[in-house]
Each structure stands twice: as C-alpha cells, then as structure tokens.
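**Q** Protein chains in written order, with our numbering: chain H, 1 to 276; chain C, 1 to 276. Glycine residues also receive a C-beta, built at the ideal position from the N, C-alpha and C atoms. What follows is a structure written as structure tokens; I'll ask about it next.
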C-alpha cells in the first residue's frame, strides 16, 4: 500500500472507528495498517478528535496504557435531539394515526432504521451514565428500538417472548396483567439469556397503564438482574389513572386521543437526564 | 465557528456522511456549514473518496446536477465477509447450541448489534443490484437481521405478524403450513404496510423446509409486490427433502445436527452474487 498522507489517514481512522462504535481499537492496529509509527497515529488521533468535537455528533475516547486504545462514542447533540423529537411528535399527532383502543399507528416509524438510529442515540444519551450491561425489551414492536439503543451503547440485546414460546432450554415465565386489557398474559425468557447481577436497561415502544413494564421488572427480579433504567418511546397520558410503575423515562407523551373528534396530540419530552 | 483546515473538513464530512448512510447530502449543506466555497467542498470530497477507497469498507457516490449531492454507501469487502462468515460458522458449530427439534441456538448472535451489522452489510452486498424498495421479514427472531439489512440498503422494513394480531386497520391474512411442524398457521400484514408493485427483499434467520418462506411469498403476491430476492442466514440441509421454495440465498448451511452424538456442523456459503 502506498504511503498515506495525514489527511487520508485521518479519514481512514474516522471510518474504521465509526464502523465499530464503542469498540476499543489499539493504536498498533492503525500503525500496522498504515505502515507508520505509533506516535504518528497519536498525532493523527488528536487531530481527528478535534475535528469530531466540532459536530457534537459523537466523540473519540482514548484510553492509555498497554490495554488501551481509542473508540468512537456515538451521540446526538441536545439541539438535534430536541428538533428530532419535535418532528416525530408532529408526525405522530396526525389524526390518520388514531387506531381503535386508544392506540397510535406508529409501526412505520418504529421500523424505519433512519428514525430508530436517532432514537437509539437519544436513549443512549439518557442512560449511558447508568452503565447498563444489556438492553432488554419484549416482542414485537419494541425490538428495533431496543436494538439500535443497544448498538448506540455498545451492548447486546435480550428479547422477552410473549406467551410461552421459548424453545431454548430452561425458561422462566411469569404472568402479568396488561393494564389496558385487564387480561392475564404470560411472558418468558430463556435462563441462558441473562446472567445474575447484570445491569439491565428496559426499552419499550409504548406505555399505557404500565402492566407490561411491571411484568418486565418482575421478570428481571427473577433473574436477579438490576434494572438501572427504563425508557419508553411514547407514554399515554390520556387518563387520570396512575401508572403501575414509576421511574421510567418517555421521549414523547400522548396527551390527547379522541376517536370521536379525530384529534390526537403528541408532545416531545426530552428527559432532563439527557446528558450531552 | 473558526475556519477549518482541509483535513478537519475531510474528517467532518466523513462523519456526517457515515451518520446517514445512503442519504444524498447536497454539497451546499457542507459549503454553508463550513463557510467555504462549493468548489472547495468538491475538492475535499475527491480526497475523502480516495481515502475511503483504500479500505474497501464503504465508498462515496456523487451525483451531479441541481438535485445532486454525495452519499456514503456502506459495504464490506469480500475478504472480510468471508472471514466473518467463517467465524460465525465456527461459533454455530458448537455442540452446546443443539436444541430439541433440530434447531440451533442462535439467539445470542441474532440479537447482537455488532454481528448483525456485518450480516446486514453482507446481505446488502448480495441484493443491492436487485434494487429492492423495502425489506420484509416475519416476527420474531429475524427482525434485527432484517432491520440492519434495511439500514445497509437505506430502506424501510416491514414485519409480517404471526397469527392474526394486526390491529392496524384492514389486514390480509393467509394460512400456511410450517414445513417442519406440518401444522397450519396464520400470518398477516396490515394493508397500509406495503404499496402495490413494490420491489421486496425477503429476509429471515432460518429455513428448514421452507413453509414459512413460501407463505411470505404468497402473502407478497396478495399485495401485488414483486419479490426480487430472498436471503436467509442459515439453511438447514440435514434431510434430503427438497425445499418448498427456490431462489433463496443462504449465508450459512447447517450440514449436520445429531442430537445423539451431539455433533453439529455449520459451513459458510457466501453467495456468488455477493458483489463488491
């Protein structure tokens, strides 16, 4: 490979680090790949770090010592997060989205990678200080949101199955009352999905009465996991009834949904815990 | 903002483009953001393009004209794809992964963002020439794989529900026979999830007899969608029975799975259609 110039190396380093967010890369890897001294790579990294700082959309973290290296921490600025949630709130307030049962049609947004990526970065900005080990969700619609939150935090994801469908060895099932339907349902998780004492971040797409969230918390207790945070995309606030859980952080609140007048109102609510 | 140097701009441009893969960004956006002439940005882009070419992990595509701009196309090199599939095949060949019913425990890999990202890039390298409009999967375990394939291609994802759970207005349901269980099951999709004549890429995590895949194809026909490709992560080849569908491309093949001897063998099979 021909010798690269500094600017070329800086671009190549940026690419390698952004392709593996949160992963620590030793400086020797770059030194070998570019056929240059480690001290040169160090200088390149200082320059890359400064360039990235200007955008507010992710920064480099360097760790010194023998086991050290550099990693790219993806993030979203407070300004961009606010703008983004405003835009989503407006799209969700469209009366065409009102579904029977007091639900909102959100599937198109919940399955759109470009939207999920931003939401994942926002949740990461809220919950990174809690140092979770794993992101846990329940099937089905929350899975993509949980996945991109996990990726933004550099963590694996675990999916609780609804019903008793787990075919993966021993599993733990619990019954819960879905707050909105008042019906008893079951959720289950394979024993090998979580290790004891893991720090868990719960993520879900929608919270109405909080029955599902309470079930997830109870299931985590069975695994001796510690729930260090709970994020939901949309919290319904259309009745006066108190929720069955507390301590969760929504990004959006559904304030009004009237099937008769066809009026719905979703407002953004960036948690004050958002830290960037 | 202080005037940036060329190398700094090159890093910032790389970051902005990589944060929104497949999205066309007009050059004027960079010119405004960096307070510089469009011709300067053009020169920066030529240099960024060359630097990225060296890695084989994604390149820039420039489109000229008034509606033009530049976008980052994420990709994985053939060498890296081959190495990656070898590693996954080895991990899946671990006898601890054998489950009752001739299945493999793959959940940990299927829910790991770092692994899914690479798999998504490989599927994108196989199916991009077919110009799909949307990636379609069926719940539950294939969802993360389909999502990151969709992101690598810059497309939305659509999820077929199993059973008849669709609460989103009019839906279309079909019955299908799951080839392995021989039981009649139902899958359904909301009418508003797909528009007619859309070009569909089907993605799923596992294919045994192909009954589910056949059901998905039949459901797509109901929507007048055109299936332009079908990718599965693992194809079971443990019996002589022919599959119920053809034209699908697996990335891995399960050649042997013997519950008695505890032996399982998964081999990589990068499709010859992989194009990079």
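Output needed for residue 175 (chain H): all residues of its chain with C-beta closer than 6 Å, excluding positions within five of it in sequence on either side, in chain order.
**A** Residue 175 (chain H) sits at position 175 when you count from the first residue of the first chain. Here the set comprises 184, 186.
**Q** Between the stretch 17 to 28 of chain H and chain C, which residues of the former have CB atoms less than 8 Å from a CB of the latter, in chain order?
**A** 18, 19, 20, 23
**Q** Output needed in chain order: residues of the stretch 189 to 201 of chain C with a Cβ under 9 Å from some Cβ in chain H.
**A** 190, 192, 193
**Q** Counting only the same chain and skipping the five closest in sequence on each side, list residues whose C-beta sits under 6 Å from that of residue 226 (chain H).
**A** As a working note, residue 226 (chain H) is residue 226 in the first chain. So the qualifying residues of the chain are 199.
**Q** Run down chain H in chain order and give the residues with a C-beta less than 9 Å from the C-beta of residue 205 (chain C).
**A** Along the second chain, read from residue 1 onward, the residue named residue 205 (chain C) stands at position 205. Scanning chain H for C-beta atoms nearer than 9 Å to the C-beta of residue 205 (chain C) yields nothing, as the closest lies near 13 Å away.
**Q** With a Cβ-Cβ cutoff of 7 Å, do residue 236 (chain C) and residue 254 (chain C) count as a contact?
**A** The sequence position of residue 236 (chain C) within the second chain is 236, counting from 1. The sequence position of residue 254 (chain C) within the second chain is 254, counting from 1. The answer is yes: Cβ separation under 7 Å.
**Q** Considering only the beta carbon of each residue, do residue 130 (chain H) and residue 228 (chain H) sit closer than 7 Å?
**A** As a position in the first chain, residue 130 (chain H) is number 130, starting the count at 1. As a position in the first chain, residue 228 (chain H) is number 228, starting the count at 1. Taking 7 Å as the Cβ cut-off, residue 130 (chain H) and residue 228 (chain H) qualify as a contacting pair.
**Q** Under 9 Å between beta-carbons, which chain C residues line up against residue 57 (chain H)? List them in chain order, please.
**A** Against the first chain, residue 57 (chain H) aligns to sequence position 57. Those are 15, 16, 19, listed as they occur along chain C.
**Q** Give me the residue from H:52, H:35, H:62 with the minimum Cα distance to residue 26 (chain H).
**A** The residue labelled residue 26 (chain H) in the question sits at position 26 within the first chain. For residue 26 (chain H), the nearest C-alpha among the options comes from H:62.
**Q** The beta strand (DSSP E) that contains residue 18 (chain C), what's its start and end?
**A** Residue 18 (chain C) sits at position 18 when you count from the first residue of the second chain. Residue 18 (chain C) -> not in any beta strand (DSSP E); alpha helix (DSSP H) instead, spanning 6 to 19.
**Q** Is the stretch 40 to 52 of chain C close to the stretch 255 to 273 of chain H, with three or more CB pairs under 8 Å?
**A** no
**Q** Mapping the DSSP letters down to three states, classify residue 201 (chain H) as helix, strand or coil.
**A** Locating residue 201 (chain H) in the first chain gives position 201, counting from the first residue. Residue 201 (chain H) falls in the strand class under three-state DSSP.
**Q** Mind checking if residue 134 (chain C) is an interface residue toward chain H, Cβ cutoff 7 Å exclusive?
**A** Walking along the second chain from the start, residue 134 (chain C) turns up at place 134. It does not: the Cβ of residue 134 (chain C) has no partner Cβ on chain H nearer than 7 Å.
**Q** Cα separation between residue 153 (chain C) and residue 67 (chain C)?
**A** Walking along the second chain from the start, residue 153 (chain C) turns up at place 153. Walking along the second chain from the start, residue 67 (chain C) turns up at place 67. Going from the Cα of residue 153 (chain C) to the Cα of residue 67 (chain C) covers about 21 Å.
**Q** Between the stretch 7 to 26 of chain H and the stretch 64 to 82 of chain H, can you find at least three pairs of beta-carbon atoms closer than 8 Å?
**A** A contact exists between the stretch 64 to 82 of chain H and the stretch 7 to 26 of chain H.
**Q** Exposed or buried, what is residue 261 (chain C) when buried is set at 16 or more other beta-carbons lying within 10 Å of its beta-carbon?
**A** The residue labelled residue 261 (chain C) in the question sits at position 261 within the second chain. Flag for residue 261 (chain C) reads exposed.
**Q** Leaving aside the five residues before and after residue 168 (chain H) along the sequence, list all residues of the same chain whose C-beta is less than 6 Å from its C-beta, in chain order.
**A** In the first chain, residue 168 (chain H) corresponds to position 168, counting from 1. Result list for residue 168 (chain H): 190, in chain order.
**Q** Do residue 257 (chain C) and residue 234 (chain C) have their C-beta atoms closer together than 7 Å?
**A** Sequence index remark: in the second chain, residue 257 (chain C) carries index 257 (1-based). Sequence index remark: in the second chain, residue 234 (chain C) carries index 234 (1-based). Cβ atoms of residue 257 (chain C) and residue 234 (chain C): not closer than 7 Å.
**Q** For chain C, check one thing: does any of its Cβ atoms lie closer than 7 Å to the Cβ of residue 249 (chain H)?
**A** Residue mapping note: residue 249 (chain H) aligns to position 249 of the first chain, counting from 1. Chain C contact via Cβ: absent.
**Q** Could you tell me the boundaries of the alpha helix (DSSP H) in which residue 48 (chain H) lies?
**A** The count along the first chain starts at 1 and reaches residue 48 (chain H) at position 48. From DSSP, the alpha helix (DSSP H) with residue 48 (chain H) extends over 38 to 53.
**Q** For the beta strand (DSSP E) that contains residue 3 (chain H), what are its first and last residues?
**A** If you number the first chain from 1, residue 3 (chain H) lands on position 3. Per DSSP, residue 3 (chain H) lies in no beta strand (DSSP E) and is assigned neither H nor E.
**Q** Taking 7 Å as the threshold (beta carbon to beta carbon), is residue 80 (chain H) in contact with chain B?
**A** Protein chains in the displayed structure are H and C, and chain B is not among them.
**Q** Using a beta-carbon distance cut-off of less than 8 Å, what residues from the stretch 98 to 128 of chain H approach chain C?
**A** Those residues of the stretch 98 to 128 of chain H that come within reach of chain C (Cβ to Cβ, closer than 8 Å) are 99, 100, 101, 103, 105, 107, 108, 111, 112, 113, 114, 116, 117.
**Q** So within the stretch 129 to 214 of chain C, which uninterrupted alpha helix (DSSP H) runs reach at least 4 residues, ignoring any that extend past its ends?
**A** Taken in chain order, the complete alpha helix (DSSP H) segments of 4 or more residues contained in the stretch 129 to 214 of chain C are 143 to 153.
**Q** Give the residues of chain H in contact with residue 157 (chain C), contact being defined as C-beta atoms less than 9 Å apart.
**A** Walking along the second chain from the start, residue 157 (chain C) turns up at place 157. Neighbours of residue 157 (chain C) on chain H, chain order: 111, 112, 113, 144.
**Q** Helix, strand or coil: which one does DSSP assign to residue 220 (chain H)?
**A** The residue you call residue 220 (chain H) lines up with position 220 of the first chain. Correct three-state label for residue 220 (chain H): helix.
**Q** Using only alpha-carbon positions, find the residue among C:140, C:207, C:195, C:21 that is nearest to residue 115 (chain H).
**A** Residue 115 (chain H) sits at position 115 when you count from the first residue of the first chain. Closest by alpha carbon: C:21.
**Q** For a test of the three-state rule: what should DSSP assign to residue 83 (chain C), helix, strand or coil?
**A** Counted from its first residue, the second chain places residue 83 (chain C) at position 83. DSSP places residue 83 (chain C) in helix when its eight states are reduced to three.
**Q** Is there a C-beta anywhere in chain H that falls below 7 Å from the one on residue 51 (chain C)?
**A** The sequence position of residue 51 (chain C) within the second chain is 51, counting from 1. Closer than 7 Å to some Cβ of chain H, the Cβ of residue 51 (chain C) qualifies, so yes.
**Q** Can you find a C-beta in chain H that's less than 7 Å from the C-beta of residue 149 (chain C)?
**A** The count along the second chain starts at 1 and reaches residue 149 (chain C) at position 149. Closer than 7 Å: no.
**Q** Of the choices C:160, C:38, C:109, whose alpha-carbon is the least far from that of residue 107 (chain H)?
**A** Reading the first chain from its first residue, position 107 is the one you call residue 107 (chain H). It is C:160 whose Cα lies nearest to the Cα of residue 107 (chain H).
**Q** Could you check what DSSP says for residue 62 (chain C) in three-state terms: helix, strand or coil?
**A** As a first step, residue 62 (chain C) is located in the second chain; it is residue number 62 there, counting from the start. Correct three-state label for residue 62 (chain C): strand.
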